[in-house]
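Chains as they are written, first to last, in this note's numbering: chain A, 312 to 728; chain B, 312 to 728. We put the beta carbon where it would ideally sit given N, CA and C, even for glycine.
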């Protein structure tokens, strides 16, 4: 390829590469990587320069890379329960092993004793982010953040199932290639056998790499533009909302927290609502996500504006009205992925008929302090949010997300300082 | 964007666009499409020229587009059971409705009465392929191909489950964007309510768009290069293996058949096999898929070559030895997707431990005649294939795939001629 093509590729990456536009700097691998693979002398010499599969997000750094990079097209969450035998020292060994796997595989190399290193060579922006539940922090003896543990109950809306909730350790894998994610998930599960059992696994997706222009907000499976106001990694609002600071336990500084809610969406019920009703329930236009009070997607919602009859244009119970915070530092940063799983045997839909879909949103959020940021907003939404009619939280969990680590270190090492 | 960039994009599409390299000609939409969307006057005017999301595979033509285009990165299969009330005339109406939905949504427009047309605007090469099971053909009164019905039992290997098998009608959706597939699947299920019930739904993936150079053979989750010898759409070998001709019922000419096998893969057992054993069981190198007798991936396997001790280099029970056909017209064309689904409650792995993965291959194949092409090969594999140790067919189905249709027509219309 000539210089012109390389420039084209690079401009194209800027245009298309959602993750590359985030704060997690992306670099591509040189040909030297080939030498790391068993049998790689016979690897076909395809011209893969600039291909998205080769995009690498560095694992090491001050923060975990999955928080600082824009969400990939695909995500898998894994949650583990600790074995009784996993004491402080064994937990430390496990965390070191997990970081070692993730540091290798996200950089396009196989794990130690990886029998399928070829599945690692196209990471496509793969990241791994580790979080600890209350029991895991307790076993280290480190200070527990006050907010670490199950969320308060929201009885108006919750229908939580154990099999999608909690876990002593969580891993979020996201990137643009599902095969790469599947392989890393498998290596992490394999290397966890002596320390923990897999509690659950949840996967989701956004638009594929290359489907949309960079920076396009995702649409959920209700067809809504979803996440218009969430701050982008690297912005001042993001930093203010996300990073744990001096009022946090020392081991957590530069880290954050993750709330994950598995939210089932009743598409069959949603079918009975017209476009006007749908816009009304959210407070945004379906076509482009702009507030019903006008402007464009990123413009502020005007909750005071009234129509000719004197009613507010935006229903006080609309989702945008209930979820809004005036100070971005008190808000959350959302990371959402749609799920569309096989229908389970015997499952019924909201109307009691045999289910024809098993669809929803893996709603994730980063915030410094769950109690100060997530809980008040969720309380307002649980009390009144027109969208609640068609959405049901069926899974929930909270984890502390330690800061990143340098080469030779491991995520979670600050817990053992 | 200037002319240079457009050229770059176009060259890049040739390089990366697997589906565009197939026989299904891909075209992109002009801006006029915007006018088809409700509320589209407010659609943001992003520069999406050349973005893969806009890639459209024409729905109409002599053959169904999902057969003639290379597999997309994601696939969803849907299978339906006919209601008792779905007689010949109602079946005809349903097939017309399904084609209408697919013709619109694959071309980037919403379905009729589509409340989420915005989810249709990035088809990313989306195709829909329809197939009929024996009962559906019977209800039309048309001639049944002799091979249409369940495969013979392969008791050595089969552990088939009803919930992943059979169905009176099947739809295969494939394309590069999971949101687009999810939306079309939903519209098809919605519009089927009066005619049929959803029997099952299965989804899978290959490498993402942009991850690999065009024409790279997929790797399955065992890490194997999978499908090296399968003919490419548009080739003479493909045409000879796939298209039903004069010895088929008249309504099927220009169509083909689909066999779908859901093959569970025992990754935990596979873990205990070293790289040499893995290569031995398949007969190909893991690094690049070349036969163990040398050469490159697409070179012929030499089943006669012997080593210094006089043994054949390739074990007679290796997968390549058992699956090989000498005449490509007697072979099949494979279309495979990996699946990696949530672990089911209470599931056990092959060793009887709590399962940590629910992983495998959606093995699909196109062939003129199931009995003449698929069955003999499957019989050889069931009798002896070293890979059988780690693979278990848990779902199975056979469908007749009618030819394509012109604008104004519908897939399946030839059954009513």
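CB contact below 7 angstroms: residue i versus chain B
i	result
residue 634 of chain A	no
residue 453 of chain A	no
residue 595 of chain A	no
residue 435 of chain A	yes
residue 500 of chain A	yes
residue 534 of chain A	yes
residue 548 of chain A	no
residue 469 of chain A	no
residue 409 of chain A	no
Alpha-carbon spacing of residue i relative to residue j, whole angstroms
i	j	result
residue 626 of chain A	residue 635 of chain A	13 angstroms
residue 645 of chain A	residue 553 of chain A	10 angstroms
residue 382 of chain A	residue 485 of chain A	6 angstroms
residue 365 of chain B	residue 459 of chain A	44 angstroms
residue 582 of chain A	residue 628 of chain B	53 angstroms
residue 685 of chain B	residue 676 of chain B	8 angstroms
residue 335 of chain A	residue 663 of chain B	Annotation note: pLDDT 35 at residue 335 of chain A (below 50); position unreliable, coordinate value reported separately. Distance between the alpha carbons of residue 335 of chain A and residue 663 of chain B: 42 angstroms.
residue 655 of chain A	residue 718 of chain A	43 angstroms
residue 452 of chain A	residue 399 of chain A	8 angstroms
residue 393 of chain A	residue 693 of chain B	41 angstroms
residue 557 of chain B	residue 563 of chain B	9 angstroms
residue 363 of chain B	residue 397 of chain A	47 angstroms
residue 702 of chain B	residue 575 of chain B	6 angstroms
residue 697 of chain A	residue 588 of chain A	10 angstroms
residue 560 of chain B	residue 454 of chain B	6 angstroms
residue 766 of chain B	residue 577 of chain A	Chain B is shown only over 312 to 728; residue 766 of chain B falls outside these bounds and no answer can be derived.
residue 414 of chain B	residue 500 of chain B	15 angstroms
residue 539 of chain A	residue 573 of chain A	20 angstroms
residue 444 of chain B	residue 480 of chain B	6 angstroms
residue 470 of chain A	residue 410 of chain A	34 angstroms
residue 519 of chain B	residue 489 of chain A	7 angstroms
Chain B residues whose Cβ lies nearer than 7 angstroms to that of residue i
i	result
residue 520 of chain A	519, 520 and 521
residue 384 of chain A	519
residue 474 of chain A	656
For residue i, the first and last residue of its enclosing alpha helix (DSSP H)
i	result
residue 634 of chain A	630-634
residue 586 of chain A	586-593
residue 405 of chain B	399-416
residue 549 of chain B	547-553
residue 499 of chain A	489-501
Range covered by the beta strand (DSSP E) that runs through residue i
i	result
residue 676 of chain A	670-678
residue 654 of chain A	From DSSP, residue 654 of chain A is part of no beta strand (DSSP E); its letter is neither H nor E.
residue 513 of chain A	507-516
residue 569 of chain A	567-576
residue 727 of chain A	Careful: residue 727 of chain A lies outside any beta strand (DSSP E) and carries neither H nor E.
residue 485 of chain B	480-486
residue 703 of chain A	702-712
Under 8 angstroms by beta carbon: chain B residues contacting residue i
i	result
residue 558 of chain A	Within chain B, no residue comes near residue 558 of chain A; the closest Cβ sits about 37 angstroms away, beyond 8 angstroms.
residue 582 of chain A	426 and 501
Neighbouring residues, chain A, relative to residue i (Cβ below 8 angstroms)
i	result
residue 364 of chain B	518, 519, 521, 522 and 523
residue 578 of chain B	497
residue 512 of chain B	653 and 654
residue 573 of chain B	Correct list: empty, because the minimum Cβ distance to chain A is about 11 angstroms.
Within-7 angstroms CB hit, residue i to chain A
i	result
residue 490 of chain B	yes
residue 481 of chain B	no
residue 723 of chain B	no
residue 487 of chain B	yes
residue 509 of chain B	yes
Contact with chain D by residue i, beta-carbon distance below 7 angstroms
i	result
residue 493 of chain B	The structure shown contains no chain D; its protein chains are A and B.
Neighbour list for residue i in chain A, Cβ cutoff strictly below 7 angstroms
i	result
residue 399 of chain B	Residues of chain A passing the Cβ test: none, with the nearest at roughly 25 angstroms.
residue 450 of chain B	Under the 7 angstroms cutoff, chain A gives no residues; its nearest Cβ is about 22 angstroms from residue 450 of chain B.
Contact set between residue i and chain B, taken where Cβ atoms lie within less than 9 angstroms
i	result
residue 530 of chain A	427, 429, 430 and 490
Members of the region 419-431 of chain B that neighbour chain A once the beta carbon cut-off is set at 7 angstroms: 426, 427, 429 and 430
Residues of the region 655-680 of chain B whose Cβ lies closer than 9 angstroms to any Cβ of chain A, in chain order: 655, 656, 665, 666, 667, 668, 669 and 670
Members of the region 597-615 of chain B that neighbour chain A once the beta carbon cut-off is set at 8 angstroms: 597, 598, 599, 601, 607 and 608
Under 8 angstroms (Cβ pairs) to chain A, residues found in the region 636-649 of chain B: 649
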